[in-house]
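Take 4 as the starting number for the sequence shown in this note's numbering and just add one per residue.
The beta carbon of each residue, even a glycine, is placed where N, CA and C say it ideally should be.
Structure first, then comments.
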Amino acid sequence: MTLPSPWRADFPAFSAFDEDGITYLDTAATAQKPKAVLDAITAYYARGAANVHRAQHRPGERATQAYEAVRDKVGHWLGASSSKEIVFTRGTTEGLNLLAYGLEHHFKPGDEIAISALEHHANLLPWQQLAKRRDLKLVVLPLTPSGQVDLNSASELIGPCTRLVAISQLSNVLGTWQPLAELSRLAHDQDAWFVVDGAQGVVHGRHNPKDLGADFYVFSGHKLYAPEAIGILWGHADALAALAPWQFGGEMVRNADYQQAEFHAAPMGFEAGTPPVGAAIGLGAALDWLSAQDESSIFGHEQALCVKLQAGLAARDGVRVLGEPQIALASVVVDGIHVADLSHMLGEQGIAVRAGNHCAMPLFKRLGEAGSLRISLGLYSDSTDLERFFMALDNALELLR
Ligand SMILES: Cc1ncc(COP(=O)(O)O)c(C=O)c1O
Numbered sequence: 004m005t006l007p008s009p010w011r012a013d014f015p016a017f018s019a020f021d022e023d024g025i026t027y028l029d030t031a032a033t034a035q036k037p038k039a040v041l042d043a044i045t046a047y048y049a050r051g052a053a054n055v056h057r058a059q060h061r062p063g064e065r066a067t068q069a070y071e072a073v074r075d076k077v078g079h080w081l082g083a084s085s086s087k088e089i090v091f092t093r094g095t096t097e098g099l100n101l102l103a104y105g106l107e108h109h110f111k112p113g114d115e116i117a118i119s120a121l122e123h124h125a126n127l128l129p130w131q132q133l134a135k136r137r138d139l140k141l142v143v144l145p146l147t148p149s150g151q152v153d154l155n156s157a158s159e160l161i162g163p164c165t166r167l168v169a170i171s172q173l174s175n176v177l178g179t180w181q182p183l184a185e186l187s188r189l190a191h192d193q194d195a196w197f198v199v200d201g202a203q204g205v206v207h208g209r210h211n212p213k214d215l216g217a218d219f220y221v222f223s224g225h226k227l228y229a230p231e232a233i234g235i236l237w238g239h240a241d242a243l244a245a246l247a248p249w250q251f252g253g254e255m256v257r258n259a260d261y262q263q264a265e266f267h268a269a270p271m272g273f274e275a276g277t278p279p280v281g282a283a284i285g286l287g288a289a290l291d292w293l294s295a296q297d298e299s300s301i302f303g304h305e306q307a308l309c310v311k312l313q314a315g316l317a318a319r320d321g322v323r324v325l326g327e328p329q330i331a332l333a334s335v336v337v338d339g340i341h342v343a344d345l346s347h348m349l350g351e352q353g354i355a356v357r358a359g360n361h362c363a364m365p366l367f368k369r370l371g372e373a374g375s376l377r378i379s380l381g382l383y384s385d386s387t388d389l390e391r392f393f394m395a396l397d398n399a400l401e402l403l404r
């Protein structure tokens with residue numbers, strides 16, 4: 004069955020990929036951008052860039068209005084109670100570092116932070132380093148064989164010493180949704196904060212972080228069909244009020260003297276320095292573009308791609324998929340073949356997939372695997388991408404075996 008993508012024509016990169024003989028299957032690393040996003044960024048710079056909030060001139064007012072309009076759009080997209088709950092960051096990694104520094108003063112030696120065994124380094128290292136700075140214990144929640152946090156173990160490991168639980172909504176390695184509702188309940192029963200890394204989850208469907216039970220939710224624009232260097236930290240009002248500022252400079256300060264200063268509350272108090280205005284405008288355009296598409300058609304298309312990908316992988320001897328993916332993403336290991344050799348052979352044939360540990364080194368150690376080949380598709384992917392991938396995979400397997 005062919006699965007054409009009705010959205011592909013909106014993404015200029017695919018014409019360039021066709022000319023270059025590239026099959027792009029690395030969307031979980033970063034997504035291509037629709038023309039509407041490219042046009043919005045060009046229009047902003049072509050009409051005159053300006054800094055936000057500080058300038059009184061017309062370009063400055065225009066830039067401020069456009070930037071703040073994106074904050075409103077993101078708030079609407081996430082179902083936030085107010086756009087004051089939306090903090091612009093440079094991405095998921097910065098959002099999680101902001102939280103680890105911003106909440107640091109609440110922790111005392113012996114407190115515990117719980118993460119899962121599948122976390123991306125971005126949702127591991129900021130907590131690990133905070134644990135070292137404050138003499139805390141980092142507790143790692145184990146997984147079920149299918150690749151979800153094991154709730155039986157979690158209910159034993161999340162206890163009275165737990166002050167914060169930080170979990171990925173959707174694994175970037177295993178493609179599995181995590182049981183956020185149950186984990187949120189376990190965290191909140193102990194009065195601990197519940198942080199959700201939405202870097203992958205935000206891309207598939209529309210999620211209201213409050214309904215997920217999150218206190219904080221972070222994501223990056225570039226995986227959501229928007230530019231790099233823009234991200235979002237959402238927090239409800241009480242959660243944001245618990246944060247101390249972590250980066251200091253212009254924009255975030257209310258009153259400064261040589262020896263002391265007072266800072267704005269969120270969101271401004273967490274947006275030090277000149278923000279990425281053009282990238283924010285690109286994020287707004289991506290949300291407008293996504294809002295104009297039919298969500299259930301996107302879901303249906305991505306699920307059909309998921310089924311086709313899994314069926315193709317299952318049909319090949321010696322090809323093992325890690326976990327049980329629930330989206331069009333698979334991490335694959337081929338017995339007897341090194342993943343670097345495989346990805347090299349695929350790269351030679353124009354297949355853009357990702358090989359390695361996908362920024363989740365401890366997970367691979369736990370799984371006892373050196374790495375995997377990750378194939379990840381987006382709403383613009385179609386069945387021709389998969390056909391080209393499987394043809395190239397068969398060639399590579401024949402040569403390497
Ligand atoms: C689950 C997850 N968390 C965090 C990140 C980090 O995102 P960024 O590099 O955009 O900050 C990624 C990126 O791949 C991810 O997949």
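Query raised in the report: Where does S119 sit, in a helix, a strand or coil, going by DSSP?
Result: strand
Report task. For T96, verify whether its CB is less than 6 Å away from any heavy atom of ligand 1. Result -> yes
Requested in this report: Go through its chain and collect everything with a Cβ distance to G321's Cβ below 6 Å, but skip five positions before and after it.
Outcome: V337, D338, listed in sequence order.
Query raised in the report: Cα separation between V342 and Y228?
Result: 28 Å
Query raised in the report: Which residues in the same chain as Y47 place their Cβ atom closer than 8 Å to its Cβ, once the five residues preceding and following it in sequence are excluded?
Result: A66, A69, V280, G281, I284
Query raised in the report: Between which two residues does the alpha helix (DSSP H) carrying D388 extend?
Result: Its alpha helix (DSSP H) spans residues 386–403.
Query raised in the report: Per DSSP, what kind of secondary structure is I407 in: helix, strand or coil?
Result: The shown model of the chain, from 4 to 404, leaves out residue 407, and the question about it has no answer.
Query raised in the report: Is it the case that the Cβ atoms of L81 and W237 are separated by a distance below 7 Å?
Result: yes
Query raised in the report: Does L121 get closer than 7 Å to chain B when you measure Cβ to Cβ?
Result: Considering every chain present, this structure includes no chain B. It has just one protein chain.
Query - Three-state secondary structure (DSSP) of Y220 - result: strand
Query raised in the report: In terms of residues, what are the limits of the alpha helix (DSSP H) holding L41?
Result: 38–50
Report task. Return the first residue and the last residue of the alpha helix (DSSP H) that R57 is part of. Result -> R57 -> no alpha helix (DSSP H), and no H or E assigned at all.
Query raised in the report: Does the stretch 212–219 come close enough to the stretch 187–201 that 3 or more CB-CB pairs lie under 8 Å?
Result: yes
**Report entry** Close beta carbons around D29, own chain, < 7 Å, minus the five adjacent residues each side
**Finding:** When the five nearest sequence neighbours on each side are left out, the beta carbons in the same chain lying within less than 7 Å of the beta carbon of D29 are those of A355, V356, R357, S379, in order along the chain.
Query raised in the report: Residue range of the beta strand (DSSP E) that V168 falls in?
Result: 165–171
Requested in this report: Identify, in the order they occur along the chain, each residue of the same chain with its Cβ nearer than 6 Å to the Cβ of Q131, setting aside the five sequence neighbours on each side.
Outcome: L141
Report task. Kindly provide the ranges of any alpha helix (DSSP H) runs that are 4 or more residues long and lie completely inside the stretch 247–323, ordered along the chain. Result -> Complete alpha helix (DSSP H) runs here, min 4: 280–294, 298–317.
Requested in this report: Enumerate in chain order the residues of its own chain whose CB-to-CB distance from N54 is below 8 Å, with the five nearest sequence positions on each side excluded.
Outcome: G63, A66, T277, V280
Query raised in the report: Does any heavy atom of ligand 1 sit closer than 6 Å to the C-beta of A202?
Result: For ligand 1, at least one heavy atom lies less than 6 Å from the Cβ of A202.
Query - Own chain, CB closer than 7 Å to N211, minus 5 neighbours either side, in chain order - result: Counting only Cβ-Cβ distances below 7 Å, and skipping sequence neighbours, we find L81, G82.
Query raised in the report: What is the DSSP secondary structure of W180, reduced to helix, strand or coil?
Result: strand
Query raised in the report: Going by C-alpha distance, which of Q313, F273, M364, L370 is nearest R257?
Result: Nearest option by C-alpha distance: F273.
Query - Contact under 7 Å by Cβ, V77 with P270 - result: no
Query raised in the report: Does ligand 1 have even one heavy atom less than 6 Å from the beta-carbon of S375?
Result: no
**Report entry** Between the CA atoms of S158 and I233 - distance to the nearest angstrom
**Finding:** Going by the C-alpha atoms only, they are around 35 Å apart.
Query raised in the report: What are the boundary residues of the alpha helix (DSSP H) that W130 is part of?
Result: W130: member of the alpha helix (DSSP H) spanning 128–137, first to last residue.
Query raised in the report: From W196 to Y383, what distance separates their C-alpha atoms?
Result: 36 Å
Report task. Compute every distance between the C-beta of N100 and the non-hydrogen atoms of ligand 1, then say whether any falls below 6 Å. Result -> no
Requested in this report: For my contact list, S334 and L177 are in at a C-beta cut-off of 8 Å; report their separation, rounded to the angstrom.
Outcome: With a Cβ gap of about 6 Å, S334 and L177 count as contacting.
Query raised in the report: Quick one, are the C-beta atoms of I170 and S119 less than 7 Å apart?
Result: Their beta carbons are under 7 Å apart, which means I170 touches S119 by this criterion.
Report task. Take Q313 and list the residues in its own chain whose beta-carbon comes closer than 8 Å to its own, dropping the five residues that flank it on each side. Result -> For Q313, where only same-chain residues beyond five positions count, the Cβ hits under 8 Å are V324, P328, A333.
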